[in-house]
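The structure under discussion appears below in the form of structure tokens.
Protein chains: 2
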Amino acid sequence: MRYDFSVTARGRPRQFDRDVALRAAMMLFWRQGYEATSINDLSTAMGIGAPSLYAAFGSKRKLFDEVVAEYVRRYNSFMVEAIVGEPTLTRGVRRLLRESAVAVTRPGLPRGCLVVSAATNTTSPEVEQALRKLRNDGIKALEGAVRMAIAGGELPDDTNPRQLAHYVFATMQGIAQQARDGASRATLEAIAELAMRAWPVKTPA
Amino acid sequence: MRYDFSVTARGRPRQFDRDVALRAAMMLFWRQGYEATSINDLSTAMGIGAPSLYAAFGSKRKLFDEVVAEYVRRYNSFMVEAIVGEPTLTRGVRRLLRESAVAVTRPGLPRGCLVVSAATNTTSPEVEQALRKLRNDGIKALEGAVRMAIAGGELPDDTNPRQLAHYVFATMQGIAQQARDGASRATLEAIAELAMRAWPVKTPA
DNA sequence: TCATTTCTGTAGTGATAGCTAGACAAACAG
DNA sequence: CTGTTTGTCTAGCTATCACTACAGAAATGA
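Those sequence lines, one after another, are chains B and Z.
Our numbering puts the first residue of the first sequence at 206, with every later residue one more than the last.
Our numbering puts the first residue of the second sequence at 206, with every later residue one more than the last.
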């Protein structure tokens, strides 16, 4: 067995930038969703022919998987940062909701959240299930954070972690939905502010 | 011009119950969405051939329009009733949210809300826009109710009607979404309860 | 009975979906 | 240069999409 440690590739080099093409695909999936975006749409927007697309990404499904990973890395990392970047969970969740309102109305980018709306009602259940898992994992992660905040004395002992996590995520999903329906950033920020009025506060006994 | 007031139809009578077929189509669109439901799916579930379907309903698009109207009449009328059936808007909205949690998890019926999720990311923008209008009309209606509650002295004068209406609908859409993602009715009811903690209360000056 | 009207089943329309075979192009190693 | 490897392009694959032409079936009125 011989190993190839050479830097330069062997055959004809790729004529397009794979990352640029991936981002073009991301915008399309983000705006139109998985099912409504055809290979024709993709190859046109990515500036490459269908065979090049399949050589580089394997299939529509695999391309979408890469798009989702890149989307989460580039446009959804603010979620983790909002929680871990604040000294208390209360401030973290407030920031999470505020930044959600901003994230789903970024000028020059598609409205809404790809994870929330790109794979509702697809004919391929696996794709739908993949994003569903991402959403439910987010709820579970927030539930864990709430548990820690209760144990740490920040939140009341009678707080239900699962319910509170579901409430926060329901608000975020509502914000993402309404962004798609045309609501302004200011309106969505107001939703975020209002939602925080339901956040539990520990009253000193 | 001669008018036909006869009760019995002229030609060969329809071999199926139009309302039953419409309801079968509704279940399919509700569960799978507009785009992911094919004419083949429909004609199978409705128990009729494609030509009969087109003779009775015109087109997939027109069938969907009828389905939406029937859905709103049968499964979304609780919204208006919740608001007008309570003495105060505060109690009306609480009931609206609670019953939303129940409505999107009815046993034996598809999860979620057809208006919320049946036409996201369709290739035909008109269908998508039709449901979008239904959603935004709901927000506007609630905004009007909030305005009246402020004028009537129930809610604080500094309440922003548009923002509050958006907040309530965002919560409802989040509840509908999470129903599709598998959340239990109890969890969704807890979201509704939590959401009401953000509802404004008039404190006597 | 017969002509008319309307519905239903077979069988197919053109368009588009995701995807790929195969010929050629462009890089490499020797 | 030649041979190998890999990317791109043309063209076309099969399957399914929404939809319908057409012939037969089942009701009516006369």
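Quick reminder that beta carbons are idealized off the backbone N, C-alpha and C, glycines included.
List, in chain order, every chain Z residue whose beta-carbon is nearer than 9 Å to that of residue i.
i, result
"B/R337", "R385, D386 and G387"
"B/G216", "Simply none; closest approach about 37 Å."
"B/I355", "None at all; the shortest Cβ gap to chain Z is about 15 Å."
"B/I244", "Going along chain Z, no residue has its Cβ under 9 Å from B/I244, so there is no contact; the nearest lies around 14 Å."
"B/P237", "According to the sequence provided, residue 237 of chain B is Gln. The question's Pro does not apply to it. The contacting residues are N326 and T328."
Can you give me the Cβ contacts of residue i inside the same chain, cut-off strictly under 7 Å, excluding the 5 residues immediately before and after it?
i, result
"Z/Y280", "A308"
"Z/R367", "E348"
"Z/E271", "L227 and F262"
"B/I344", "A370, H371 and F374"
"B/R299", "M401"
"B/A388", "none"
"Z/R390", "A306, V307 and T310"
"Z/E291", "G297 and R300"
"Z/R223", "A261"
"B/F283", "E304 and A308"
"B/S248", "G254, A255 and L258"
"Z/A350", "I288 and L294"
"B/V285", "none"
"B/D246", "L233"
"B/P218", "none"
So, under 8 Å CB-CB, residue i and residue j are touching, yes? Tell me the CB distance rounded to an integer number of Å.
i, j, result
"B/A274", "B/M251", "That pair is no contact at about 17 Å."
"Z/R385", "Z/R316", "5 Å"
"Z/L399", "Z/Q383", "So it is not a contact: roughly 13 Å between Cβ atoms."
"B/F221", "B/F269", "Not really, about 19 Å apart at Cβ, beyond 8 Å."
"B/T293", "B/E359", "6 Å"
"Z/V289", "Z/Q378", "With 8 Å as the limit, Z/V289 and Z/Q378 do not qualify as a contact, their Cβ atoms being about 22 Å apart."
"B/L302", "B/T376", "6 Å"
"Z/A395", "Z/I380", "Not confirmed; about 10 Å, so no contact."
"Z/A403", "B/A403", "4 Å"
Looking only at its own chain, which residues have a Cβ that is under 8 Å from the Cβ of residue i, when we skip the five neighbours before and after it?
i, result
"Z/I355", "P361, D362, T364 and P366"
"Z/I244", "A255, L258 and K265"
"B/R352", "P366"
"B/A335", "D270, V273 and A324"
"Z/S211", "Confidence is the limiting factor: at Z/S211 the pLDDT is only 48, short of 50, which leaves the residue's position unreliable, though a coordinate-based value still follows. Excluding positions up to five away in sequence, the list is empty."
"Z/D342", "none"
Going along chain B in order, which residues have a C-beta closer than 8 Å to the C-beta of residue i?
i, result
"Z/E240", "E240, A241 and N326"
"Z/N341", "D386 and G387"
"Z/S322", "T325 and N326"
Please work out which residues of its chain come closer than 6 Å, Cβ to Cβ, to residue i, disregarding the five sequence neighbours upstream and downstream, and give them in chain order.
i, result
"Z/M206", "The predicted model places Z/M206 with a pLDDT of 32, which falls under 50 and marks its position as unreliable; any figure quoted below should be read in that light. If we look at Z/M206 and ignore the five residues flanking it on each side, it has no Cβ neighbours."
"B/E333", "A324 and T327"
"B/R236", "P315"
"B/D209", "With a pLDDT of 43 at B/D209, under the threshold of 50, the modelled position of this residue cannot be trusted, and the question is left open."
"B/G238", "A323"
"B/T242", "L233 and F234"
Which chain B residues are close to residue i, counting only those with a beta carbon under 9 Å from its beta carbon?
i, result
"Z/L247", "None at all; the shortest Cβ gap to chain B is about 14 Å."
"Z/R367", "T392 and A395"
For residue i, which residues in chain Z fall below 7 Å Cβ to Cβ?
i, result
"B/L294", "None at all; the shortest Cβ gap to chain Z is about 16 Å."
"B/T364", "Correct list: empty, because the minimum Cβ distance to chain Z is about 10 Å."
Interface residues of chain Z around residue i at Cβ under 8 Å?
i, result
"B/L399", "Q368, L369, Y372 and A403"
So which residues on chain B does residue i lean against when the C-beta distance must stay under 7 Å?
i, result
"Z/I380", "A375"
Q.
At 4 residues or longer, what runs of the alpha helix (DSSP H) sit wholly inside the segment 231-297 of chain Z?
A. 244-251, 255-262, 265-280 and 282-289
**Q.** Ordered list of alpha helix (DSSP H) runs contained in the segment 362-406 of chain B, each at least 4 residues
**A.** 366-385 and 390-401
Q. Taking the runs of the alpha helix (DSSP H) that are 4 residues or longer, which of them lie wholly in the segment 321-366 of chain Z?
A. 330-356
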